[in-house]
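The sequence shown begins at 583 in the numbering used here and counts up one residue at a time.
Using N, Cα and C, we set each Cβ at its ideal position, and we do this for glycine too.
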Amino acid sequence: FLASLHVMSIMADKPGFSDDAKKYSEILERGKKSFEKKLWNGKYYNFDETESKNIMSDQLCGHWYLRTSGFSHEIFPKENVRLALKSIYENNVMRFCDGKMGAVNGFSMESGGADTSIMQAEEIWVGVVYGLASTMIYEDMEEEAMKTVEGLYHTMTQRVGLAFETPEAMYAKNNYRSIGYMRPLSIWSMQTAHENRKRTKE
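What follows is the structure in structure tokens.
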């Protein structure tokens, strides 16, 4: 929502809709302050305002959207992004199936494993993992990005046998659903991120 507000304020300003641009900018500024105040816990963004101790692998999807669109850290503070990515990598990736499956959607700090309270939380969403890896590349965490997708790739191709029918979701124990899904096309955002990083280093 915050990422969309940022883009809308810029889009409205381009053709001269200054009133609309101002309206979206004002909502965005209030939203940014509220988001940081209510959800940032010092290591990652909480899922909501409850006392849940779950880490969501897709918590930076808005930041990923902005980075892929050519923006930087206008909305989400760089240090917070880095800390959140580190928390996701250490828990959703490395503490889940020994880092050999990608990133689980929800990691429970209380149980030390996947959040099994709802179906989607204990799944690995292939497209989300590629988006996460892309975000890591943008934030100078290429080694972590490659480690994250390495586990995902080997699980799909060697363990589950779905090299050409990429599923939407997989589980820790050989189950999967929705083969031939389109969301995994977000793998191309990894190439976009890599090319962007390469240009900035040249």
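Beta-carbon proximity check, residue i vs residue j, cutoff 8 Å
{"i": "Ser690", "j": "Asn636", "result": "yes"}
{"i": "Ser771", "j": "Thr632", "result": "no"}
{"i": "Val710", "j": "Ser639", "result": "yes"}
Inter-residue spacing [alpha-carbon to alpha-carbon] between residue i and residue j
{"i": "Ala585", "j": "Arg765", "result": "20 Å"}
{"i": "Trp622", "j": "Met590", "result": "24 Å"}
{"i": "Glu692", "j": "Thr782", "result": "40 Å"}
Candidates the options, of which the one nearest residue i by Cα
{"i": "Val708", "options": "Ser699, Glu692, Asn687, Glu725", "result": "Asn687"}
{"i": "Glu704", "options": "Ile769, Gly694, Ser616", "result": "Gly694"}
{"i": "Tyr627", "options": "Pro659, Val675, Thr782", "result": "Pro659"}
{"i": "Ser634", "options": "Lys620, Ser607, Arg677", "result": "Lys620"}
{"i": "Thr774", "options": "Asn662, Ser760, Gly713", "result": "Gly713"}
{"i": "Arg612", "options": "His588, Arg649, Ala745", "result": "His588"}
{"i": "Gln641", "options": "Ser760, Ile769, Lys668", "result": "Lys668"}
{"i": "Tyr758", "options": "Ser768, Leu767, Ile769, Arg741", "result": "Arg741"}
{"i": "Ser760", "options": "Gln702, Met723, Ser607, Lys615", "result": "Gln702"}
{"i": "Ser616", "options": "Met638, Lys605, Phe583, Ala603", "result": "Phe583"}
{"i": "Ile700", "options": "Lys780, Tyr671, Tyr753, Gly733", "result": "Tyr753"}
Beta-carbon separation (whole angstroms), residue i vs residue j, contact threshold 8 Å
{"i": "Met738", "j": "Thr748", "result": "7 Å"}
{"i": "Ile706", "j": "Met683", "result": "6 Å"}
{"i": "Arg664", "j": "Glu721", "result": "6 Å"}
Any non-hydrogen atom of the ligand GTP closer than 7 Å to residue i Cβ
{"i": "Gln740", "result": "Within the structure as shown, the ligand GTP is missing, as the structure has no ligands at all."}
Min CB distance residue i to chain C below 8 Å
{"i": "Met590", "result": "Protein chain content of the structure displayed is limited to a single chain, and chain C is not contained in it."}
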